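Participant:
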């Protein structure tokens, strides 16, 4: 995806450029989703096209919208939601389980808008995109300060150029929990594979309170590596939301 930056001018040609920037922001923030007219964020669009809202503010407004929440939180749960926030708003994959857990806890304790703001108004966002550049996928190659593992995870999370980020399945959950690269088959000759299979993992997850209250009760499951993926899938099928996966 090319780097798209808004130009601070007012001619008809530049209004057309602003519309192009707007379309690019929608594609990035909504992960290539095809949106109906009623799903668009009209107020933010108008402010942006009139020059009253910077790209950064536009990105925040799109991500705080009911449409974004419905597509990426309500349909997926908090773990996948955080994963996609990193992709859409910071242009990279989460670096580790601690980073994901921090955002899951912020979502639970501080609320939806605080979670979005923690990306869009972060020093990392400002350093990478400033106020007038649409976020873009930054890890198309290895970068100084980033590990090869982060790069591999980023490739896994990125997917195809035109693919929609609508899958409810986390792309990195097991990789972040185990510390291994994603989508790497365990082969008999691979060093360290036996030790990994002997490890156990603690899954913290939430389920709706049986009393019908809005609060959610935290549950803990401890499983071996061999059962990690199937347990995560089973919990999600039953309506559970994964909070964190860590070495036990």
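Numbering (the working numbering), first residue to last: 10 to 257.
Glycine included, every Cβ here is placed at the ideal spot set by N, Cα and C.
Bear in mind that the values here come from a model prediction, so they are computed numbers and not experimental data.
(1) How long is the line joining the alpha carbons of residue 197 and residue 239, rounded to whole angstroms?
(2) To the nearest angstrom, how far is it from the Cα of residue 113 to the Cα of residue 214?
(3) For residue 33, name the three-state secondary structure that DSSP assigns.
(4) What are the boundary residues of the alpha helix (DSSP H) that includes residue 102?
(5) Under 8 Å: do the segment 55-69 and the segment 105-119 share three or more Cβ pairs, one atom per stretch?
(6) Considering only residues of the same chain and omitting the five flanking positions on each side of residue 34, which have a CB-CB separation below 7 Å?
(7) Straight-line CA distance for residue 74 to residue 243?
(8) I'd like the ranges of any beta strand (DSSP E) spanning at least 3 consecutive residues and lying wholly in the segment 50-80.
(9) Buried or exposed: where does residue 84 fall if 16 or more other Cβ atoms within 10 Å of its Cβ makes it buried?
(10) Which class does residue 144 belong to by DSSP, given the choice of helix, strand or coil?
(11) Do residue 209 and residue 232 have their CB atoms nearer than 8 Å?
(12) Taking its Cβ as the centre, do 16 or more other Cβ atoms sit within 10 Å of residue 132, making it buried, or is it exposed?
(13) Got a sec: is the Cβ-Cβ distance from residue 86 to anything in chain C below 8 Å?
(14) Nearest-angstrom Cα distance between residue 25 and residue 216?
(15) Please look up how many angstroms separate the CB atoms of residue 115 and residue 122, rounded, as I've assumed it's under 8 Å.
(16) Nearest to residue 129 by alpha carbon, out of 97, 120, 103 and 118?
(17) Since residue 132 sits in a beta bridge, which residues does DSSP pair it with?
Facilitator: Taking the geometry as given:
(1) Bear in mind that a pLDDT of 42 at residue 197, under 50, signals an unreliable position, so the model cannot answer this.
(2) Those two C-alpha atoms are separated by around 11 Å.
(3) Correct three-state label for residue 33: helix.
(4) No alpha helix (DSSP H) contains residue 102, which DSSP labels as neither H nor E.
(5) Judged by Cβ distances under 8 Å, the segment 55-69 makes no contact with the segment 105-119, as fewer than three pairs qualify.
(6) Hits under 7 Å: 64, 67, 68, 71 and 143.
(7) Each residue's CA atom was taken as its position, placing residue 74 and residue 243 some 30 Å apart.
(8) Segments of the beta strand (DSSP E) lying fully in the segment 50-80: there are none.
(9) With fewer than 16 Cβ atoms within 10 Å of its Cβ, residue 84 is classed as exposed.
(10) Correct three-state label for residue 144: coil.
(11) Residue 232 is positioned such that its CB atom lies closer than 8 Å to that of residue 209.
(12) Per the 10 Å Cβ criterion, exposed.
(13) The chain inventory of the structure shown lacks chain C, comprising one protein chain alone.
(14) A straight-line Cα-Cα distance of about 47 Å links residue 25 and residue 216.
(15) In fact, because the Cβ distance is near 11 Å, the residues do not count as touching under 8 Å.
(16) The alpha carbon of residue 129 has as its nearest neighbour, out of 97, 120, 103 and 118, the alpha carbon of 97.
(17) None; residue 132 has no bridge partner.
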